[in-house]
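J.: To start, I am sharing the structure in question, which I have written as structure tokens.
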């Protein structure tokens, strides 16, 4: 790619998506590793993001002008975002290839909001490994609720669903009353004994959110325990939505988008929709203007 190139990066907890656009073409790919600043810290975040951008630069002519916007999970503090951007720019300056004209790091939810509603107002509900609600009113004011991370909140997220299932499982194992659903959880984790469960959860935390699709599957099959876990999670998301409504200063169009990995499940999405309808009368779910947050990040790169 030549000329002016805009690069959008959407980095969540489990994967990183990239979209590069120029007058001469487009290039996109999905990177296997996620980049969550709160979990990785500054040095590892800069290293991973630099590696991703080096992969992108292989497809860009050295004479091109490159602007990058990164929507990153866990990057809530503006000072932290500036440190990440400066660190990446410093690392890339040491290597050959096109130079960056500008790089900006924003919260991943901001990129999702831009992809959903590039113009006008509305709200976005993100349900992936974590969860958050973000809205923009007609004057441009942005309000965020949730997104506190897996230790403090993230109700209804993949991690929250997984940990709720594991907490239920631990009680049934204590009572020596394992059900078919419990056995399915053990099989998914490839463990049998109490000590193995503890080992997997505490040493391999990624196993927790990986259980969410199984819980959704069993709920869809009619399992009452799994259904209860999802309904509790959906109620938590709706409560977060209600808190957002309480903070909005000015008019917001009553429309929202569901996005994030778990939103791809119609079964769970229907639980969330029902819960939101109970706290936000008149609000309607819409399809986003662009399919994924990485498009929003690329749009933001264009505006820099």
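Numbering (the working numbering), first residue to last: 6 to 309. For each residue, glycine too, the CB sits at the ideal point set by N, CA and C. If you're wondering where the values come from, they're calculated on a predicted model, not measured in any experiment.
If contacts are defined as beta-carbon pairs under 8 Å, then residue 75 and residue 302 qualify, I think. What distance do you get, rounded to the angstrom?
T.: Confirmed, Cβ separation roughly 7 Å.
J.: Put residue 186 into one of helix, strand or coil per three-state DSSP.
T.: Correct three-state label for residue 186: helix.
J.: Taking 8 Å as the threshold, find out whether the region 63 to 70 comes into contact with the region 286 to 299 through three or more Cβ pairs.
T.: Judged by Cβ distances under 8 Å, the region 63 to 70 makes no contact with the region 286 to 299, as fewer than three pairs qualify.
J.: Please classify residue 169 as buried or exposed, where buried requires at least 16 neighbouring CB atoms within 10 angstroms.
T.: It is buried - the Cβ of residue 169 has at least 16 other Cβ atoms within 10 Å.
J.: Could you spell out where the beta strand (DSSP E) holding residue 15 opens and where it closes?
T.: Counting along the chain, the beta strand (DSSP E) containing residue 15 begins and ends at 9 to 16.
J.: Can you tell which of 90, 167, 56 and 227 has the C-alpha that lies nearest to the C-alpha of residue 206?
T.: Cα-wise, what sits closest to residue 206 is 167.
J.: For residue 94, report the span of its alpha helix (DSSP H) as first-last.
T.: Residue 94 -> alpha helix (DSSP H) spans 83 to 98.
J.: Nearest-angstrom Cα distance between residue 24 and residue 15?
T.: One C-alpha to the other measures close to 9 Å.
J.: Closer than 7 Å by C-beta to residue 196: which residues in its own chain qualify, once you throw out the five before and the five after it? Chain order, please.
T.: Same-chain partners within the cutoff: 202 and 205.
J.: Kindly provide the ranges of any beta strand (DSSP E) runs that are 3 or more residues long and lie completely inside the region 129 to 153, ordered along the chain.
T.: Fully enclosed beta strand (DSSP E) runs of 3 or longer: 136 to 141 and 147 to 151.
J.: Where residue 44 and residue 53 are concerned, what is the direct C-alpha to C-alpha distance, given to the nearest angstrom?
T.: Cα to Cα, residue 44 sits roughly 13 Å from residue 53.
J.: Could you tell me whether the region 24 to 39 touches the region 82 to 89, where touching means 3 or more Cβ pairs closer than 8 Å?
T.: The answer is no - the region 82 to 89 does not touch the region 24 to 39, with fewer than three Cβ pairs under 8 Å.
J.: Considering just the uninterrupted stretch of the beta strand (DSSP E) at residue 108, what are its terminal residues?
T.: Counting along the chain, the beta strand (DSSP E) containing residue 108 begins and ends at 105 to 112.
J.: Per the contact definition of three or more C-beta pairs closer than 8 Å, is the region 256 to 263 in contact with the region 205 to 220?
T.: Verdict: no, contact absent.
J.: In three-state DSSP terms, what is residue 30?
T.: Correct three-state label for residue 30: strand.
J.: For the beta strand (DSSP E) containing residue 165, list its first residue and its last residue.
T.: It is not in any beta strand (DSSP E) - residue 165 instead sits in the alpha helix (DSSP H) that spans 163 to 179.
J.: With distances taken between CB atoms, is the gap from residue 295 to residue 78 smaller than 9 Å?
T.: It is not a contact, given that the beta carbons lie outside the stated cut-off.
J.: Quick one: any contact between the region 147 to 159 and the region 240 to 251, if contact means 3 or more CB pairs under 8 Å?
T.: Touching, yes, given that three or more Cβ pairs across the two stretches are closer than 8 Å.
J.: Classify residue 211 as helix, strand or coil using the three-state DSSP reduction.
T.: Three-state result, residue 211: helix.
J.: Would you call the region 182 to 193 and the region 131 to 145 touching, i.e. three or more CB-CB distances under 8 Å?
T.: In short, these stretches do not touch, since the Cβ pair count stays below three.
J.: What runs of the beta strand (DSSP E), each 3 residues or longer, lie entirely inside the region 214 to 298?
T.: Here the runs fully enclosed are 260 to 264.
J.: To which residues of the same chain is residue 144 closer than 6 Å at the C-beta, ignoring the five residues directly before and after it?
T.: 255.
J.: Quick one, are the C-beta atoms of residue 132 and residue 161 less than 9 Å apart?
T.: Yes. Within cutoff.
J.: Which two residues bound the contiguous alpha helix (DSSP H) that contains residue 70?
T.: Note, residue 70: premise wrong, no alpha helix (DSSP H); beta strand (DSSP E) at 70 to 77.
J.: Where residue 20 and residue 152 are concerned, what is the direct C-alpha to C-alpha distance, given to the nearest angstrom?
T.: The straight-line gap from Cα to Cα measures roughly 17 Å.
J.: So, helix, strand or coil for residue 53, using DSSP?
T.: The answer is helix: DSSP assigns residue 53 an H, G or I state.
J.: Per DSSP, which one or two residues make a beta bridge with residue 21?
T.: DSSP output for residue 21 lists 16 and 36 as bridge partner(s).
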